[in-house]
Structure formats: C-alpha cells, structure tokens
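Numbering (our numbering), first residue to last: 6 to 204. Only one structure is covered here, and it is reproduced in the block below.
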Amino acid sequence: MDREKETRIAAFTTKTGGPSSSGISTIRDRLPTLVPIGILILAVVLPGQMFKSVQRSSDIGLGPAAWPNTMLYGLAFFALLWIAIDLWALRRGSSTPLLQAPVEEEKYHFGKALVGLFMIIAYGFLLAKIGFAIATVVFIALWCIYGGLRDWKIVVPVALMGTLGLLWLFMGLALMPLPRGQGPFDGFSIGLLRTIGIY
C-alpha cells in the first residue's frame, strides 16, 4: 500500500514538476518584469524628494534640477514601455518576458576595463586643472581611439560637437557651474564660453 502511494506521488511530481520547483521557476521567470516596475516607482517618486527648494526657477535657463529630472522622467517613460511590451508578450501566451539580459558573445577584457577606469579617474582629476572644455575634448577623442575608432575625420568632429553640446546642456540650459580650469586655461574657457554665447 505504501509503495503504491509512493509511486503515485512520484508520478504526480514528475508530471507537474513538483509544487515547490514550479513555484520557484515561476517567480524566477517573472523577476525581469518586476525590474521596470521598480524603476518606474523610483523615477516618479525621486524628483519630488531630491530637489526641494524655495527659490524660484530662473528665467535664463532651465535650472540645475532640469537635467536629473529629465533623466528620471525618461526612465519612467521607458519603464512603462518595458512593462507594456512584457504584458503584451504574456497576453500572447509567452511564458517568459521578451526583454531579457543579452548574451555576451565576446570575452570580457579586465585589462581594457582597468585602463578605461583609469582614463575616467584622470578625466575627473584634470577637470579642475585644465577646465571642462579642454578635458572633455581630450577625453572623448582618446576614448574613441581607445575603442577602436581611428579615423580623425570622425574623432575630431565627435569630440568637438560632443563637448559643445555638453557645455550648452549643463552650463547654458541647466545653469550648472562647470570648472573652467586654472591660470591660462581659465582665460581660455571664459573666451570659449563667450564665443559660443553661454557668457
């Protein structure tokens, strides 16, 4: 009698995958869907908690809080889009969400990562010395070259236009005071900012 009961339990477990393993598998499959929900909640709540000020917004630019607020609201939008795509996939009968972590085909190079980290640290150190404009142009150009882009017809315009765009974004629109550098670099930065219309 006991052997017959054990046989039935084993058959049921094999057929259903077991109640515990099935539940764990279901939770694991649904975890990617919980990620955009968490991002959405944080992106909606954080702007009201991080930037509280009694000062009026400036008529000259968007203000220092504009950039992080825009980033957070952008995260909220794409999180909603992510949730909608997952719900659409589940409605069509897919057992797992469509958006999953990509499979890394290339081997991770720790040496290149360390060099890249050193470049970022050096960039942050040089900001106060030579100013945002010069440091950013050099950093973007070196980063492109280090990443494998060797064509100067592309590297130079990307570095210059990227730096000008960042200067206008942070100093022109968000009114964030970026370092101008010391000594002659300060004078160069002031002249550049006047030339492009920020000062």
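In this text, a Cβ means the ideal position worked out from N, Cα and C, and glycines have one as well. Every value quoted in this text rests on a predicted model; they were computed, and no experiment measured them.
Report, in whole angstroms, the separation of the C-beta atoms of residue i and residue j, which I expect to be a contact under 8 angstroms.
i, j, result
"I139", "A164", "Actually they do not touch by this definition, with Cβ atoms about 11 angstroms apart."
"L169", "I195", "Rounded, the Cβ-Cβ distance is 16 angstroms, inconsistent with contact."
"I44", "L86", "With a Cβ gap of about 11 angstroms, I44 and L86 do not count as contacting."
Relative to the alpha-carbon of residue i, which residue among the options has its alpha-carbon at the smallest distance?
i, options, result
"G136", "F190, G196, Y204 and T75", "F190"
"A179", "I46, T75 and L47", "T75"
"P84", "V142, L47, F193 and F115", "The sequence shown places Ala at residue 84, rather than the Pro named in the question. It is L47 whose Cα lies nearest to the Cα of A84."
"G188", "W157, K134, G196 and T141", "K134"
"G186", "L45, F115 and T141", "T141"
"F175", "I44, V49, L45 and P73", "P73"
What separation, rounded to the nearest whole angstrom, lies between the Cα atoms of residue i and residue j?
i, j, result
"P41", "R199", "43 angstroms"
"Y78", "I125", "27 angstroms"
"I203", "K112", "44 angstroms"
"I150", "L183", "25 angstroms"
"I88", "F82", "10 angstroms"
Legend entry - Stretch pair the stretch 117-130 + the stretch 160-179: three plus CB contacts closer than 8 angstroms: Proximity of the stretch 117-130 to the stretch 160-179 falls short of the contact definition, fewer than three beta-carbon pairs being nearer than 8 angstroms.
Inset, instruction - Answer yes if the stretch 114-125 comes into contact with the stretch 75-95, meaning at least three C-beta pairs across the two stretches below 8 angstroms, and no otherwise. - result: Flag = no, the stretch 75-95 and the stretch 114-125 do not touch.
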